[in-house]
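Report on one structure; see the data block that follows.
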Amino acid sequence: MREDESILGLASIRRNRGVSLQQIAESTKLSVRFLDAIERGDFRKLPGGIYNTNYIRQYARAIDYDEAALLAFYRRQMSPGDGAAPANGKPAVGGLRAAATLSRS
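Numbering follows this note's numbering, in which position 97 of the sequence shown is assigned residue number 114; successive positions increment by one, without gaps.
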């Protein structure tokens, strides 16, 4: 991917609408670094949790892009089925943790 390209063409859409990342950062109070990560689809650079979906919504609104479409893409990219290991580094099976990772009372 060229450096000026982004996932779903978000950077091109933003530029065609005459909006800079700095302008979005000023209006949303989000860092340019997070906005750039969203454009590139590099969602693992976002802070996590509900912040991610909030940041993605704000970005989509700022460039007049379909929030639902961008959030659906985010969820597909971040789903456990994408081959990414869970935070504990142990593979999940069917969305459940292996029995060895459960604490015993």
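Glycine is no exception: its CB is placed at the ideal position from the N, C-alpha and C atoms.
As the structure is a computational prediction, the values presented were derived from the model and not from experiment.
- When the Cα atoms are used, I24 and T45 turn out to be separated by approximately 21 Å.
- A direct Cα-to-Cα measurement between F60 and R93 gives close to 11 Å.
- DSSP places G66 in the uninterrupted alpha helix (DSSP H) bounded by 66 to 79.
- Under the criterion of beta carbons closer than 8 Å, I55 and Y72 qualify as touching, at roughly 6 Å.
- DSSP places V49 in the helix class (H, G or I) of the three-state scheme.
- Y82: not part of any alpha helix (DSSP H); DSSP gives it neither H nor E.
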